[in-house]
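Report on one structure; see the data block that follows.
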Amino acid sequence: MAPPARAAGRQRLAVGSYPRLVRLEHSAYKGRIVAAVSGWDNNGPFAPVFESTDEGATFREIGQIRDSEDTQGECCGTLFELPRRVGDLSAGTLLWAASYGQDAGAERRMAIKIWASHDGGRHWSFLSEAARSHNHDGVWEPEFDVDAGGTLWLHFADETEAPRYSQVLNRVGSTDGINWGTKQSTLAIPPDRVRPGMPLVRQLPNGSYYFGYEICNYGELYCNPYFKISSDGANFGDPGAPGTRVVTANGNYFQHAQTVTLFPGGANGTRLLMVGQIYTNTKGTPLSSNGQVLLANDNFGTGLWYELPAPVQVPSAYNDFCPNYSSTLLPVDGGRNVLEIAADYENGVCTTYFGKGPAS
């Protein structure tokens, strides 16, 4: 494995994009931070897995996830630690899911596949396939949650309902992580060009669930962040209702690829921090602070959001799969600081970087 990389400003982690972070809370590895990246090497796509035992000051590679049966593209991976037992999967099991097969050409049948680790990310075994396209269209951007009743849900962006919808958000449920039910609609907005995507779910301390996503091609807006609140993590209201848009007092907002993480802070004891790819003004023009800010909210998303500095600066962020695309955040140092991993180009190669900064 590679020697540890040390955080001092923006520090290189690995070649790849779409980074993810999770702090383990339900196993013998409690307190450790695990990161994964959708990467590639001469043998094809794979996900290198890293661990930090010093609050994000350093990372070392501890494992890899490779699909030996499908080397034709991997995208948009996610990490999730089970907070409770699901079937034979104990609390603390670490799950990885990603979209596979997008580079297989016109006859592709993309799938979302899941791997599991029982030792904090060191070793991985294939668990199941949760979704597969019935045509050449894509299934993208998986995200897990466990609802109030103990069902494991996998949310994803689904292009296979074209031409009625260009893209929708669907979900499938499982009581064992192996067998998955029929997909259900979470967000489907007419007309056909509208594309909701990038789903994420965060359980709030009051027991409800924050469901975030972007909606592209909606009116005059481009890939803006929205959210809904679910009382149980299983039901998300009318699929045709767009939800609440995220915006600051000045009308500024992120375009594309938002993620949200819970931090301590605010009157409710919980602060939501958001990172997105392109930071724009009310007209959608990138600001001088583009790629250098986070947005925060202290009321579970309700009301206006406000700016905080981003630990990893990507001032050249633009609409592309790499720079600041679907970056990831995590509270560290008792919530005083935010750890961020973001991607940027390094000599033409998409590369992930990590860094820490104040969380308020």
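Going by the numbering used here, the first residue of the sequence shown is number 39, and it counts up by one from there. Using N, Cα and C, we set each Cβ at its ideal position, and we do this for glycine too.
Worksheet item: By Cβ distance below 6 angstroms, which residues in the same chain neighbour Arg-146 in space, the five residues on each side in sequence not counted?
Response: Correct list, in chain order: Gly-139 and His-174.
Worksheet item: Under the rule that 16 or more other beta-carbon atoms within 10 Å means buried, what is Ser-106, buried or exposed?
Response: exposed
Worksheet item: How long is the line joining the alpha carbons of Thr-91 and Gly-386, rounded to whole angstroms?
Response: The straight-line gap separating the alpha-carbon atoms of Thr-91 and Gly-386 is approximately 31 angstroms.
Worksheet item: Exposed or buried, Ser-326, counting other C-beta atoms within 10 Å across all chains shown (16 or more means buried)?
Response: Exposed, by the Cβ-count rule.
Practice prompt. Take Ser-166 and list the residues in its own chain whose beta-carbon comes closer than 6 angstroms to its own, dropping the five residues that flank it on each side.
Written response: Ile-152 and Ile-216
Practice prompt. Any chance you could list the beta strand (DSSP E) runs of at least 3 consecutive residues sitting entirely within the segment 300 to 344, in chain order?
Written response: 308 to 313, 316 to 318 and 331 to 335
Worksheet item: On the three-state DSSP scale, how would you describe Lys-372?
Response: Going by the sequence as given, residue 372 is Gly instead of Lys. Gly-372: helix per DSSP, three-state reduction.
Discussion item. Can you tell me whether Asn-262 is buried or exposed? The criterion is at least 16 other CB atoms within 10 Å of its CB, across all chains shown.
Written reply: buried
Worksheet item: What's the gap between the Cα of Ala-334 and the Cα of Ser-268?
Response: 20 angstroms
Worksheet item: Taking all protein chains shown into account, do 16 or more other C-beta atoms lie within 10 angstroms of the C-beta of His-172, making it buried, or fewer, making it exposed?
Response: exposed
Item to complete: Determine the burial state of Arg-58: buried for a count of at least 16 other Cβ atoms within 10 Å of its Cβ, exposed for fewer.
Response: buried
Worksheet entry | Backbone CA spacing between Gly-393 and Gly-219 [nearest angstrom] | 39 angstroms
Worksheet entry | 4-residue-minimum alpha helix (DSSP H) runs that sit fully inside the segment 219 to 295, ordered along the chain | If only uninterrupted alpha helix (DSSP H) runs of at least 4 residues are considered, none is enclosed by the segment 219 to 295.
Discussion item. Would Gly-322 and Tyr-260 be called neighbours here (beta carbons separated by less than 8 angstroms)?
Written reply: In contact: Gly-322 and Tyr-260 (Cβ atoms closer than 8 angstroms).
Discussion item. Tell me which residue opens and which closes the beta strand (DSSP E) that Leu-120 is part of.
Written reply: Leu-120 -> no beta strand (DSSP E), and no H or E assigned at all.
Discussion item. For Gly-372 and Ala-142, I'd like the C-alpha separation in whole angstroms.
Written reply: 45 angstroms
Worksheet item: Trp-162 and Cys-113: beta carbons closer than 8 angstroms?
Response: No, they are not a contact pair.
Discussion item. So the candidates are Arg-122, Val-206 and Ile-253; which of them puts its Cα closest to the Cα of His-294?
Written reply: Ile-253
Discussion item. For Gly-101, list the residues DSSP reports as bridge partners.
Written reply: Val-87
Fill in: Contacting residues, own chain, Cβ-Cβ under 6 angstroms from Arg-123 (five flanking each side not counted)
Ala-129
Worksheet item: Since Ser-94 and Ile-71 are thought to touch, with beta carbons under 8 angstroms apart, how far apart are those beta carbons, to the nearest angstrom?
Response: The displayed chain sequence assigns Gly, not Ser, to residue 94. Indeed, because the Cβ distance is near 6 angstroms, the residues count as touching under 8 angstroms.
Worksheet item: Cα-Cα, which of Glu-384, Val-376, Tyr-383 and Cys-388 is closest to Ser-398?
Response: Residue Val-376 holds the alpha-carbon nearest to the alpha-carbon of Ser-398 among Glu-384, Val-376, Tyr-383 and Cys-388.
Fill in: Contact check, Val-75 vs Gly-159, beta carbons under 8 angstroms
no
Fill in: For Ala-180, three-class secondary structure by DSSP
Reading off the sequence shown, one finds Pro at residue 180, where the question assumed Ala. The answer is strand: DSSP assigns Pro-180 an E or B state.
Discussion item. I'd like to know whether the C-beta atoms of Phe-118 and Phe-182 end up nearer to each other than 8 angstroms.
Written reply: Going by C-beta atoms, Phe-118 is nearer than 8 angstroms to Phe-182.
Practice prompt. Would you kindly check if the distance between the Cβ of Trp-191 and the Cβ of Gly-272 is under 8 angstroms?
Written response: Contrary to the premise, residue 272 reads as Ala rather than Gly in this sequence. It is a contact, given that the beta carbons lie within the stated cut-off.
Discussion item. For a test of the three-state rule: what should DSSP assign to Trp-153, helix, strand or coil?
Written reply: Residue state, collapsed to three classes: strand.
Discussion item. Here's the rule I'm using: 16 or more other beta-carbon atoms within 10 Å means buried, otherwise exposed. How should Lys-68 be labelled?
Written reply: When all chains shown are included, Lys-68 counts as exposed.
Fill in: Per DSSP, cross-strand counterpart(s) of Phe-359
Beta-bridge pairing links Phe-359 to no other residue.
Worksheet item: Roughly how many whole angstroms lie between the Cα atoms of Leu-133 and Gly-125?
Response: Distance between the alpha carbons of Leu-133 and Gly-125: 14 angstroms.
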